[in-house]
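Visitor: My numbering puts the sequence shown at residues 932 to 1356. Backbone N, C-alpha and C define an ideal beta-carbon position, used for all residues, glycine too. The structure displayed is predicted, hence computed values, not measured ones. Please find one structure pasted underneath; my questions will follow.
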Amino acid sequence: MTAVPLDPAPRTPPQSMLEGPRALLTVTGADRPGVTARLFGALAEGAEGAEGLAPVEVVDVEQVVVHGHLVLGVVLAALPADGPVDEAVFLSGLARLGAGVAEATGVRVEVESASGPGPDSARTGRPHHVILLGRPVPPAAVAGAATAIAGVGGNIDAIRRLSDYPVTSLELTVSGAEATELRTALAAVAAAGGADIAVEQVGLARRSKRLIVLDVDSTLVRGEVIDELAARAGRAAEVARITAAAMNGELDFAESLRARVRTLAGLPVEVLDEVREHLELTPGARTLIRTLQRLGFRCGIVSGGFTQITDPLAVSLGLDFAAANTLEVAGGRLTGGLVGEIVDRAGKARALARFAAEHGIPLEQTVAVGDGANDLDMLNAAGLGIAFNAKPVVREQAHTALNQPYLDAVLQVLGFTRDEVLDAL
């Protein structure tokens, strides 16, 4: 039996790719029902109704409506029938057709040649999404991003608004730029202030994410739980100094954790309940989790904090998993020690990998969000690592950074629009 080849016939470009002129029709004006239908209806009848207009095929279309103003671009290619098509005659015929559409609908129709190499032919590399987020997004931030993109050889092919609440976010589709250069250039723009800027490669991988892990202290919840416990032990200043050094990457996390936990020795276990009851979720946390859960995500927390706090929190939010350290308790009081494996920087990355494996989800389809240096291994192991209001050392090394006060801004980095979020709620 002869094996059938996967592609038995060699592929050749369609006839219009090999010969025949092309034209770009640009339609602008007040949007109203029927404009697009009228244009394409005229094109369908054009070969008979416009002298010299050859049959055409639609090569490309893009339409956008901004505050009631329509911009529609259509690239058409002549389909040669009995011989070569004269470009001047072709454009003239389209111009007459466009004038008729303009008169009937009140829009403006411009016709120009689109023959020759397309604008994308010289561009290399995969296209990227560049997301600008801010409240507000100032013109200077857009100008800075556009300048940086052009500076690394990129071109902005499209812009759309993803959301206007709780932050304004704009998504730019950029072609022709290499990923590392693009991220480096835009990071400098973001550092100058005005807006956060995230970069993601265009493709199915962006919408294939299926699992998210969140750090807890200063990410899912405001503040640091251990600082609250230390305040009740009268050691707040000492512990705050150690915490800050650890989060900035100046101290080994496991060593710093043990040192901080020792200061809690003697605290009654009831203090844990008091601190947990006073936890304040970061604005947007519930919206983020609820939206992703309804979109099919597995959601969990990975914390350098304590299971006595995180486990009840995970239950209250309906999370799929949680990992944290466990404080040792004896006689109803904290001993100042820990029980079991330490969830440190490396431990967080291991927890992410374990959770992903348990749910059969590849690491490239995971998202991690955190703020401290002990989150870095986890952020870099995930398919997308997001530094959320993070320390400088974390912002510099994570895939992208958010400095907005709203955790649900993560949804826009993932490419979800405000309407999609509302539909999922």
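Among all the DSSP beta bridges, which residues are the ones paired with T1331?
Guide: Here residue 1331 is taken as the residue at index 400 of the sequence shown, counted from 1. DSSP lists I1317 as partners of T1331.
Visitor: Excluding the 5 residues flanking R1349 on each side, which residues of the same chain have their C-beta closer than 6 Å to its C-beta?
Guide: Translated into the one-based positions of the sequence shown, residue 1349 becomes position 418. Excluding sequence neighbours, R1349 sits near S1094.
Visitor: Which residue or residues does DSSP assign as beta-bridge partners of H1060?
Guide: As a first step, residue 1060 must be located in the sequence shown, where it is residue number 129. Bridge partners of H1060: T1104, E1131.
Visitor: By how many angstroms is the C-alpha of E1155 removed from the C-alpha of T1194?
Guide: Residue 1194 sits at position 263 when you count from the first residue of the sequence shown. Residue 1155 sits at position 224 when you count from the first residue of the sequence shown. The alpha-carbon atoms of T1194 and E1155 are separated by roughly 15 Å.
Visitor: If you count every other CB in all the chains shown that lies within 10 Å of the CB of G1125, and 16 or more means buried, which is it?
Guide: As a first step, residue 1125 must be located in the sequence shown, where it is residue number 194. Residue environment analysis places G1125 among the buried positions, since at least 16 neighbouring C-beta atoms fall within 10 angstroms of its C-beta.
Visitor: Considering only their Cβ atoms, is the gap separating A1253 from R1231 smaller than 7 Å?
Guide: The count along the sequence shown starts at 1 and reaches residue 1231 at position 300. The count along the sequence shown starts at 1 and reaches residue 1253 at position 322. In the sequence on display, residue 1231 carries Gly and not Arg. Against a cut-off of 7 Å, the Cβ pair of A1253 and G1231 comes out as a contact.
Visitor: State the DSSP-derived secondary structure class of R1166, mapped to helix, strand or coil.
Guide: Reading the sequence shown from its first residue, position 235 is the one you call residue 1166. Coil.
Visitor: Indicate the three-state DSSP secondary structure (helix, strand or coil) for F889 in the structure shown.
Guide: Missing from the structure shown is residue 889; the chain here goes from 932 to 1356 and no further.
Visitor: Taking the straight line between their C-alpha atoms, what separation do you get for V1133 and G1316?
Guide: Here the question's residue 1133 lines up with position 202 in the sequence shown. Here the question's residue 1316 lines up with position 385 in the sequence shown. Roughly 17 Å separates the two Cα atoms.
Visitor: If you run the structure through DSSP and keep just helix, strand and coil, what is V966?
Guide: Looking up residue 966 in the sequence shown gives position 35. Of the three classes helix, strand and coil, the one that applies to V966 here is helix, per DSSP.
Visitor: Would you mind listing the beta strand (DSSP E) stretches within the stretch 1224-1298 that are 3+ residues and don't spill past its ends, in chain order?
Guide: Every beta strand (DSSP E) of 3 residues or more that sits fully in the stretch 1224-1298 is shown, in chain order, as 1229-1237, 1252-1261, 1264-1270.
Visitor: Would T1078 and V966 be called neighbours here (beta carbons separated by less than 7 Å)?
Guide: In the sequence shown, the residue the question calls residue 1078 occupies position 147. In the sequence shown, the residue the question calls residue 966 occupies position 35. Not a contact, by the Cβ cut-off of 7 Å.
Visitor: From which residue to which residue does the beta strand (DSSP E) around E1043 run?
Guide: By 1-based counting over the sequence shown, the position of residue 1043 is 112. E1043 -> beta strand (DSSP E) spans 1039-1044.
Visitor: Would you report the Cα separation of D1339 and V1098, rounded to the nearest angstrom?
Guide: For the purposes of this step, residue 1339 is identified with residue 408 of the sequence shown, where counting begins at 1. For the purposes of this step, residue 1098 is identified with residue 167 of the sequence shown, where counting begins at 1. C-alpha separation (whole angstroms): 9 Å.
Visitor: Alpha carbon to alpha carbon, how far is V987 from G1107? Give it in angstroms, no decimals.
Guide: Within the sequence shown, numbered from 1, the residue matching residue 1107 stands at position 176. Within the sequence shown, numbered from 1, the residue matching residue 987 stands at position 56. One C-alpha to the other measures close to 29 Å.
Visitor: Can you round the beta-carbon distance between L1307 and R1276 to whole angstroms, since I take them to be within the 8 Å contact cut?
Guide: For the purposes of this step, residue 1307 is identified with residue 376 of the sequence shown, where counting begins at 1. For the purposes of this step, residue 1276 is identified with residue 345 of the sequence shown, where counting begins at 1. Contact holds; Cβ gap of about 7 Å.
Visitor: So, G1303 versus V1274, is the Cβ gap smaller than 7 Å?
Guide: Taking the first residue of the sequence shown as position 1, residue 1303 is located at position 372. Taking the first residue of the sequence shown as position 1, residue 1274 is located at position 343. No, the Cβ-Cβ distance between G1303 and V1274 is not below 7 Å.
Visitor: Based on the DSSP output, what are the partners of H1000 in its beta bridges?
Guide: Walking along the sequence shown from the start, residue 1000 turns up at place 69. H1000 is bridged to A961, V997.
Visitor: Across which residues does DSSP place A1118 in a beta bridge pair?
Guide: Here the question's residue 1118 lines up with position 187 in the sequence shown. DSSP output for A1118 lists no bridge partner at all.
Visitor: Tell me whether A1340 sits in a helix, a strand or coil according to DSSP, three-state version.
Guide: Sequence index remark: in the sequence shown, residue 1340 carries index 409 (1-based). If DSSP states are grouped into helix, strand and coil, A1340 belongs with the helices.
Visitor: So the beta strand (DSSP E) R1091 belongs to, where does it begin and stop?
Guide: If you number the sequence shown from 1, residue 1091 lands on position 160. Per DSSP, R1091 is one residue of the beta strand (DSSP E) stretching across 1086-1094.
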